[in-house]
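The next block holds one structure in the form of structure tokens; read it before the comments.
There are 2 protein chains.
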Amino acid sequence: MITIGIIGSGQLAQMITHVAYTLSIKTLCYSQNKNCPASIFSPIFVGDFFDLHAIKSFVKKVDIVTIENENIPKFFLLNISKYIKIFPNKKSIFISQNRLLEKQLFKKLNILTTKFIKIYNFLDLQKSIDTFPLPAMLKTQYFGYDGKGQYFISHKNQIFNAWKSLQKKPCILENIIPFSEETSIIAARNSLGNIQFYPLIKNKHISGILYISTLDSNTEHPLQKKAEKIIKNLMEYLDYIGIMVLEFFVFKNELIANEIAPRVHNSGHITLNACNINQFEQHLRSILDMPLLKPLVLYDSAMINILGKNINIKAKNIFPEIHVYKYRKEEFSRRKLGHINITASSTEKREKIINQILKKFPPIL
Amino acid sequence: MITIGIIGSGQLAQMITHVAYTLSIKTLCYSQNKNCPASIFSPIFVGDFFDLHAIKSFVKKVDIVTIENENIPKFFLLNISKYIKIFPNKKSIFISQNRLLEKQLFKKLNILTTKFIKIYNFLDLQKSIDTFPLPAMLKTQYFGYDGKGQYFISHKNQIFNAWKSLQKKPCILENIIPFSEETSIIAARNSLGNIQFYPLIKNKHISGILYISTLDSNTEHPLQKKAEKIIKNLMEYLDYIGIMVLEFFVFKNELIANEIAPRVHNSGHITLNACNINQFEQHLRSILDMPLLKPLVLYDSAMINILGKNINIKAKNIFPEIHVYKYRKEEFSRRKLGHINITASSTEKREKIINQILKKFPPIL
């Protein structure tokens, strides 16, 4: 039996290790913490990201390596990829760790993205702010996710606070566009160059954290083909293997690329119940050179993140169209503790169920 | 979070505990052996079936109890059901443990079944054999599964060997009918009396062990409605809660009831990939009073048991339409080690894939 090493051990690793069983695959997760979400399904290899001895010992126990999170130290990635194949490749991971590199790649490949300027010191920021359209977002180049590492600037007198708040780290200053919609495309590519795309998922965020995703069963998004072309372009340029997720803003009927996730993605949790194949299985298939399946959408579906406080729906009060996933993490404001998948027979029914859930279980932020 | 106690820890428990995650349910398996198939996903409670202290301690750790196997000692069932709710109820389990009680129930409810005679000693057998149509099968009343506890009698001079071979245990002598097909229906019933049926699954056995099951996506079996009526009748009579599976012979276009499984069933493994809802989730929903889902069949599908020897299909040689499940059990002739699910877009494609697999991986019996 093949053993896949997973770098990381949060809920994404939990779901990858859960689904691995359906392909007769074993897993081993590299983690700094034995009591992590992935430990309910998988053995955990406890190691520090800067411990070369641990890295060498880990690679002996697994056949290939993948990641659940792109925020992995460069030291770790450079070293582990000397000894074993890692999917996606380290170049793709490095680029997606850094907003500036991501944006520069979009430009290079003629992919529309928001206007940006690189900021390395306060002087850069002072010089830029006079000509840059406001409101804008100052974002750290590294370690940005779930709304972290961002400062909203509506007036130039805020720049000192912004710079201080982001701890004077390398940043980009980015134009805020009044988008009409946020959407993500999930695609998988294997070593033969075969690619399969999921239909565009619509996403709604709440204070920078993904909150609700929806997927329709019968209608193709008017921008589907364009999105496929863009992510295919990216994957081929990077010689990418695995699941990639690309987030877009929709602005004036155009797709504006926002960021790359070089891994399974929160918006893709909807595929666990809405589709014939979920993103976790498709990811494992792509990195193992197994044939990919063509994703089909079976329901008018939605995914709602459980944020900050766990919910408790009594079995008797549950409706047939929902599945609740709990990651068994401790409650903490803004923390993703689980998600609810809704699989309805029409978009009207879906909206009704979403509203019932939102009323009963407001997010704790 | 609710914790379900599962009596047993083999591959059926393994799959129940795996699927429990998708409903945010915890599990604890009662087992005599810590290193059991279910242990890869679930904590195990090690206890003997005749240890009252262990039983009392187990029920304190779980909210309700279900079974993965009907062959549980009476002592255990009588005692555990004093302290906690067990699904299905003990009456249903007792009946399905015993071929005679099963047959008598079929007769009582006017469900067609094969002719049978009860045999308690060699004299019973001697007296019956002259008038009983041959060939016939002598079967132990208790502990019959996967072709165990059976002796095929084609001539009356075999009866002494038959009786000795089955260790002089209480038996039934049963008529063998030249059936045209074997089929099973899976149904789930919850405490509100709601029932959902799966479409009839066609089964092929090899030396008494289930080998191949198939399910068609578009055509309803001509006996579907009759099968539903029969299992509904049984479930309502027994006030049954949970998944029940009823096996039939098809003979002269009639359904002839063979046996009841008061649990998830090997033929239902096909539902893991062929349907919108698998039997394990439907079972958990029914015993937790969650609403049941209407099963839909998405593919022309098949399930092939991996018997006796594990298979090793290289990822590159795998076709997109298969999923391989391995239970991580040691190889042993006739043992169920895993199964292969095939999900094809037509019955012709399915048959082609089945043939490819059978040629490459013959069962070891």
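In order, the protein sequences belong to chains A and B.
Per our numbering, numbering through the first sequence is continuous, rising by one, with the last residue being 1167.
Per our numbering, numbering through the second sequence is continuous, rising by one, with the last residue being 1167.
Virtual Cβ for every residue (Gly too), placed ideally from N, Cα, C.
- Restricting attention to alpha helix (DSSP H) runs no shorter than 4 residues, the stretch 1025 to 1059 of chain A encloses them at 1026 to 1040, ordered along the chain.
- DSSP places B:Ala989 in the uninterrupted beta strand (DSSP E) bounded by 983 to 991.
- Beta-bridge analysis with DSSP links A:Thr805 to A:Lys828.
- Taking C-alpha positions only, A:Ile1032 is separated from A:Phe1051 by approximately 13 Å.
- Judged by beta-carbon spacing, B:Leu968 lies within the 7 Å limit of B:Tyr953, meaning their Cβ atoms are closer than that value.
- For the pair A:Lys971 and A:Arg901, the Cα-to-Cα distance works out to about 13 Å.
- Contact note: B:Ala1117 reaches chain A through Ile804, Leu1090, Asp1091, Met1092, using a C-beta cutoff of 8 Å and chain order.
- Around the beta carbon of B:Asn959, fewer than 16 other beta carbons sit within 10 angstroms, so the residue counts as exposed.
- For the stretch 817 to 828 of chain B, the set of positions with a beta-carbon nearer than 8 Å to some beta-carbon of chain A reads His820, Tyr823, Thr824, Leu825, Ser826 in chain order.
- Its chain contains Ile988, Ile1045, Val1066, Gly1070, Thr1073 as the residues whose beta carbon lies nearer than 6 Å to that of B:Gln1081, once the 5 sequence neighbours on both sides are disregarded; these appear in chain order.
- Under the 8 Å Cβ criterion, the stretch 1116 to 1124 of chain B counts as touching the stretch 1089 to 1100 of chain A, having at least three qualifying pairs.
- Proximity to B:Leu1139 across B:Tyr1013, B:Ser1147, B:Thr1149, B:Phe934 peaks at B:Tyr1013, based on C-alpha coordinates.
- Per DSSP, A:Met939 is not a residue of any alpha helix (DSSP H); the beta strand (DSSP E) it occupies stretches across 938 to 942.
- Close to A:His1125, with beta-carbon spacing below 9 Å, are these residues of chain B in chain order: Thr824, Leu825, Ser826, Glu1083.
- In the DSSP assignment, no residue is bridged to B:Asp932.
- If you draw a 10 Å sphere on the C-beta of A:Asn1005, you find 16 or more other C-beta atoms in it, and that means buried.
- Short of 6 Å from the beta carbon of B:Phe1163, and not among the five residues preceding or following it, lie these beta carbons of its own chain, in chain order: Ile1113.
- Contact annotation, A:Ser811 with A:Pro839: C-beta distance approximately 7 Å; criterion of less than 8 Å satisfied.
- Collapsing the DSSP output to three states places A:Gly1140 in a strand.
- Within the same chain, Gln834, Ala856 come within 8 Å of A:Asp850 by CB-CB distance, once the 5 residues on both sides are set aside.
- Taken in chain order, the complete beta strand (DSSP E) segments of 3 or more residues contained in the stretch 1069 to 1128 of chain A are 1102 to 1109, 1124 to 1128.
- For B:Phe889, the pairing in a beta bridge is given by DSSP as B:Thr868.
- Residues of the same chain with a CB within less than 6 Å of the CB of A:Val861, apart from the 5 flanking positions on each side, are Tyr885, Ile886 in chain order.
- Taking A:Ile897 as reference, the option from A:Leu1036, A:Tyr922, A:Lys1054 with the minimal CA-CA separation is A:Leu1036.
- Burial check for B:Met1105: the Cβ neighbour count within 10 Å reaches 16 or more, so the residue is buried.
- By the CB criterion at 7 Å, A:Tyr823 and B:His820 fall inside the cutoff.
- Contact annotation, A:Asn977 with A:Phe1053: C-beta distance approximately 11 Å; criterion of less than 8 Å not satisfied.
- For B:Phe918, the enclosing beta strand (DSSP E) stretches over residues 918 to 921.
- Look at B:Pro1122: its C-beta is under 7 Å from a C-beta on chain A.
- Of the candidates B:Ser1088, B:Tyr1039, B:Tyr922, B:Ser1088 places its Cα closest to the Cα of B:Leu994.
- Taken in chain order, the complete alpha helix (DSSP H) segments of 4 or more residues contained in the stretch 838 to 883 of chain A are 854 to 863.
- Against chain B, a Cβ distance below 7 Å from A:Leu1095 picks out Pro1122.
- According to the DSSP secondary-structure assignment, B:Gln952 is paired through a beta bridge with B:Lys941.
- Listed by position along chain B, the residues whose Cβ is nearer than 8 Å to that of A:Lys1128 are Met803, Ser826.
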